[in-house]
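> Supplied in structure tokens, the structure appears directly below.
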Amino acid sequence: MELKKNPKADLNRNSGLYFVIGLFIVMLLTYGALEWKTYEAVNEYDISMNVDEELDEEVPMTEQIKTPPPPPPPAAPEIIEVVEDEEEVEETVIESTESNEEEEVIEVEDVEVEEVEEDVDVPFAVIENVPVFPGCENESDKRACFNKKMQKHISKNFRYPEIAQEMGVQGRVSVMFTIQKDGSIGNVRMRGPDKNLEKEAARIISKLPKMTPGKQRGRAVRVPFSIPITFKLQ
């Protein structure tokens, strides 16, 4: 026997309408929750009048300091005596320092002015006569010979510090020193990435031989010089 279903008893017939109504109610409640505002209660009374009339601290009375009046000026003398000036005053005569034709003019001999030697430093790049490295006396280009001898001296005395090798330290050390007026080396300064490398660079520079000092205008002067020493691990 076939069962017959009443179309009015179908529950899924109005499900779309119920879904729309439910969604509208949820949106309405959400909007109301977002727009809900609360305000603090406002006191209607005036708080400016709530001042305690009784003060716990005593306010000291200010005392006015009276300064004494200034003393009265001295009274003028009743009788003014007039004293006659009977002493004679000698007039001071100022003689003219200008010369006339009758006076003899004495010629002054030339005054010799001693030149004071100033200790100046003239850079290696601009000095007239560069310091002469031993072995460069007979070279025409003493500046190029100086640089060549410096590189040879560094290569000959170079020794990589063992502690720097173990630590893997390498880099370039800038060495600055001054060739003094007597040809000696002084004022040695170093700047590098490690103290051990700086110490080795100072040792190399300390072995430089004494040189012929540089000259500026025929006078021996101090000559600053700088050179980099590179420490590189193989």
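Using our numbering, read the sequence shown as starting at 78 and increasing by one per residue. Quick reminder that beta carbons are idealized off the backbone N, C-alpha and C, glycines included.
#1: Unbroken alpha helix (DSSP H) runs of length 4 or more, entirely within the segment 223-290: which are they?
#2: Using DSSP with H/G/I as helix, E/B as strand and the rest coil, what is Ser303?
#3: Starting from the Cα of Val298, find the closest Cα among Pro146, Ser217, Val203, Ile98 and give me that residue.
#4: If I measure Cβ to Cβ from Ala304 and keep anything under 7 Å in the same chain, skipping five residues before and after, which residues do I get?
#5: Measuring alpha carbon to alpha carbon, tell me which of Pro301, Gln247, Phe101, Glu214 ends up nearest Gln311.
#6: Whole angstroms is fine: what's the gap from Gly93's alpha carbon to Leu100's?
#7: Leaving out five residues on either side along the sequence, give the residues of the same chain with a beta carbon under 8 Å from the beta carbon of Tyr108.
#8: Who pairs with Gln293 in a beta bridge, going by DSSP?
#9: Please determine, among Val209, Lys276, Glu214, Ala241, the residue with the shortest C-alpha to C-alpha distance to Lys258.
On the basis of the supplied data:
#1: Fully enclosed alpha helix (DSSP H) runs of 4 or longer: 239-244, 272-283.
#2: Looking at Ser303 - three-state DSSP - the assignment turns out to be strand.
#3: That would be Val203, whose Cα lies nearest to the Cα of Val298.
#4: Residue identity check: residue 304 is Ile in the sequence provided, not Ala. These residues qualify, in order along the chain: Met227, Val252.
#5: Residue Gln247 is the option with its Cα nearest to Gln311.
#6: Gly93 and Leu100: Cα-Cα distance of roughly 11 Å.
#7: Closer than 8 Å at Cβ, skipping near neighbours: no residue.
#8: Its beta-bridge partners are Arg296.
#9: Ranked by how close their Cα comes to the Cα of Lys258, the residues Val209, Lys276, Glu214, Ala241 have Val209 in first place.
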